[in-house]
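Okay, so here's the structure we're looking at.
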Amino acid sequence: MSENSKEILERVKTRLSVLDGSKDTMLEDIIQSVTDNIAIRAGVLSFPAILNSIAVDVSIAYYNRLGSEGLQSEGIDVISSSFIIDLLEPYDKQIDEFKKGLSENDMPSKGVVFY
Numbered sequence: 689m690s691e692n693s694k695e696i697l698e699r700v701k702t703r704l705s706v707l708d709g710s711k712d713t714m715l716e717d718i719i720q721s722v723t724d725n726i727a728i729r730a731g732v733l734s735f736p737a738i739l740n741s742i743a744v745d746v747s748i749a750y751y752n753r754l755g756s757e758g759l760q761s762e763g764i765d766v767i768s769s770s771f772i773i774d775l776l777e778p779y780d781k782q783i784d785e786f787k788k789g790l791s792e793n794d795m796p797s798k799g800v801v802f803y
């Protein structure tokens, strides 16, 4: 686990009030999925530390959705639940701003084959 991922893990555990290592494996898996998806959305090969705060927020949202994946709307008496399908959507503007700051050298190749 990278230092970057360890920092994200500690921040997630703090916000979730997880005081021991009992959920570390599950949280590490969630964080890996989230950081992979953010890197893909940002168009980079490795997850940049500048996007850690987004990874923390999305990891917590992902964790809170466990067991309710795919739920769009649910109503029980007066209590209603609805989830955003794409957890990264609220962060698209920030990710787009990050992408604008990248140089051509930071971007992965677009599938070009050289002979």
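In the working numbering, the protein residues as written are 689 to 803.
Backbone N, C-alpha and C define an ideal beta-carbon position, used for all residues, glycine too.
This one's a predicted model, so the numbers in the text were calculated from it and none came from an experiment.
Local Cβ density within 10 Å of residue i, reported as buried at 16 or more and exposed below that
i: Ile773; result: exposed
i: Tyr803; result: Reliability fails at Tyr803, whose pLDDT of 44 lies under 50, so the model's placement of it is uncertain and the value that follows must be treated cautiously. It counts as exposed.
i: Thr713; result: exposed
i: Lys702; result: Residue 702 is actually Thr in this sequence, not Lys. Exposed, since its Cβ has fewer than 16 Cβ neighbours within 10 Å.
i: Leu715; result: buried
Distance between residue j and residue i (C-alpha atoms, nearest Å)
i: Arg729; j: Ala749; result: 18 angstroms
i: Leu733; j: Glu777; result: 20 angstroms
i: Glu698; j: Leu775; result: 21 angstroms
i: Ser705; j: Lys781; result: 29 angstroms
i: Met689; j: Asp724; result: 13 angstroms
i: Lys787; j: Gly731; result: 7 angstroms
i: Gly709; j: Leu754; result: 18 angstroms
i: Gly789; j: Leu739; result: 13 angstroms
Among the options, nearest to residue i - alpha-carbon criterion
i: Ile696; options: Lys781, Ala727, Ile742 and Val732; result: Ile742
i: Asp784; options: Ser710, Thr713 and Ala727; result: Ala727
i: Val744; options: Asn725, Ile719, Asp708 and Phe735; result: Ile719
i: Ala737; options: Asp780, Lys788 and Glu691; result: Glu691
i: Tyr779; options: Val722, Asn752 and Leu754; result: Val722
Span of the alpha helix (DSSP H), counted from its first residue to its last, around residue i
i: Tyr751; result: Asn740 to Arg753
i: Phe735; result: Run containing Phe735: none; DSSP gives neither H nor E here.
i: Val706; result: First-last for Val706: undefined, no H or E at that position.
i: Glu716; result: Asp712 to Ala730
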